[in-house]
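Residue numbers (our numbering): 42 to 409.
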């Protein structure tokens, strides 16, 4: 029922704008409004803070179905979870009440600020600093590759509070868009997910009250890594959706396209390509759903499964979308058909929330 409801909404209210959103590289306002109106923009927020209280699997299904028609739009529910999960996992009760309520109501999106110009895969090498000044923390630094920056009202920011301790000297904070000293760089010109703005976030003497720290001082990096264990599964979900959209389109196309007097779907070479695409996609889906169940139960092997799901599903998405372009031949290479967009969108799922090389390191250190 959940899948059917989201698919209907996505096909009616989100899909029709996907090509235009990509072409104009604009925020998918129609998708945002439709998701908020149907309470699907941040389904993970617990009921006690006004949210839908969806479990990890339901959240995956929402993201997957939105990504099937528009990958950029699927980053609205995905990044709302990424940005707010540190508050859910480690924040004080006051912090949860203050920020999860507005998020659940659709009054503001949440972004996640971990990466920096010189701190990507080595996130612990960050330079953004937070210095205590009486009843305030003062933040200075630059965060890069921030999804939905400028659109979001709230930002979970990781900053160094004790430079001597490396990862154990990093703390997490909630910064608001309206805080004095917060500004944004120009939107990045990207290969894909063009409807989801990616910008730098500049923190210039941003003074925030002490109670905006998430959890204890020095626990920010641990919270950031724990967050990714859960949210990598949402990237796997996004990859699944992109791949499913490409497979669905290619499947329809090969039944219509005729060569040598018959539909190309009648040729065994085409049938085998579709069979491989469907098989790998289904394997990725089963792994992702299993990881989502582990995320919900807080299983001990979640770190391995989260990394495995993200890595495998994104590799499958890249393969399936590339094959979909091939199945459409010359048409697949044009912007008149959606599969080239899906191929461009799929690429980022192998890179963000930890590159697939980093996922393999994570898996090797957490073998079940």
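Beta carbons: idealized from backbone N, C-alpha and C, even for Gly. Small disclaimer: the values here were computed from a predicted structure and weren't measured.
Legend entry - Beta-carbon spacing of residue 282, residue 107 below 8 Å: Here residue 282 refers to the residue found at position 241 of the chain shown. Here residue 107 refers to the residue found at position 66 of the chain shown. For residue 282 and residue 107, yes; Cβs fall inside 8 Å.
Inset, instruction - Assign residue 56 to buried or exposed, taking buried as 16 or more other Cβ atoms, counted over all protein chains shown, within 10 Å of its Cβ. - result: Translated into the one-based positions of the chain shown, residue 56 becomes position 15. Looking at its Cβ environment, which holds 16 or more other Cβ atoms inside 10 Å, residue 56 is buried.
Legend entry - Bounding residues of the beta strand (DSSP E) (the contiguous stretch that carries residue 250): Position 209 of the chain shown, counted from the first residue, corresponds to residue 250. Counted as a single uninterrupted DSSP element, the beta strand (DSSP E) harbouring residue 250 occupies residues 239-250.
Legend entry - Spatial neighbours of residue 362 in its chain, beta-carbon cut-off 6 Å, leaving aside the 5 residues before and after: As a first step, residue 362 is located in the chain shown; it is residue number 321 there, counting from the start. Once the five neighbours on either side are set aside, the close Cβ partners of residue 362 are 287, 383, 384 and 387.
Legend entry - Euclidean distance between Cα positions of residue 328 and residue 303: As a position in the chain shown, residue 328 is number 287, starting the count at 1. As a position in the chain shown, residue 303 is number 262, starting the count at 1. If I take the Cα positions, the gap works out to 37 Å.
Legend entry - Per DSSP, cross-strand counterpart(s) of residue 197: Taking the first residue of the chain shown as position 1, residue 197 is located at position 156. Per the DSSP secondary-structure output, residue 197 pairs in a beta bridge with 153 and 215.
Inset, instruction - Go to residue 274, then tell me how far its beta strand (DSSP E) extends in each direction, as first and last residue. - result: Taking the chain shown and counting its residues from 1, the one referred to as residue 274 is at position 233. Here residue 274 belongs to no beta strand (DSSP E); instead the alpha helix (DSSP H) covers 261-297.
Inset, instruction - Apply the 10 Å Cβ neighbour rule to residue 167 and answer buried if 16 or more other Cβ atoms are within range, or exposed otherwise. - result: Taking the first residue of the chain shown as position 1, residue 167 is located at position 126. Flag for residue 167 reads buried.
Legend entry - Residue range of the unbroken alpha helix (DSSP H) whose run includes residue 317: Against the chain shown, residue 317 aligns to sequence position 276. Under the DSSP assignment, residue 317 falls in the alpha helix (DSSP H) whose first and last residues are 309-338.
Legend entry - residue 49, buried or exposed, once every other Cβ within 10 Å from all chains shown has been counted against 16: The sequence position of residue 49 within the chain shown is 8, counting from 1. By the Cβ-count criterion, residue 49 is exposed, with fewer than 16 other Cβ atoms from all chains shown falling within 10 Å of its own Cβ.
Legend entry - Cβ contact (3+ pairs, closer than 8 Å) linking the segment 305-321 and the segment 77-89: No contact exists between the segment 305-321 and the segment 77-89.
Legend entry - First and last residue of the uninterrupted beta strand (DSSP E) at residue 182: If you number the chain shown from 1, residue 182 lands on position 141. Residue 182 -> beta strand (DSSP E) spans 177-188.
Inset, instruction - Using a Cβ-Cβ cut-off of 8 Å, state whether residue 315 counts as contacting chain B. - result: No chain B is present in this structure, which holds just one protein chain.
Inset, instruction - Report the residue from 100, 405 and 131 whose alpha carbon sits nearest the alpha carbon of residue 254. - result: Translated into positions along the chain shown, residue 254 becomes position 213. Taking residue 254 as reference, the option from 100, 405 and 131 with the minimal CA-CA separation is 131.
Inset, instruction - State buried or exposed for residue 353, treating a residue as buried only when at least 16 other CB atoms are found within 10 Å of its CB. - result: Counting from 1 along the chain shown, the entry for residue 353 is found at position 312. Under this definition residue 353 is a buried residue.
Inset, instruction - Can you give me the Cβ contacts of residue 356 inside the same chain, cut-off strictly under 8 Å, excluding the 5 residues immediately before and after it? - result: Position 315 of the chain shown, counted from the start, is the residue given in the question as residue 356. 391 and 397, listed in sequence order.
Legend entry - Under the three-state DSSP convention, the category residue 391 falls into: Taking the first residue of the chain shown as 1, we reach residue 391 at position 350. Of the three classes helix, strand and coil, the one that applies to residue 391 here is coil, per DSSP.
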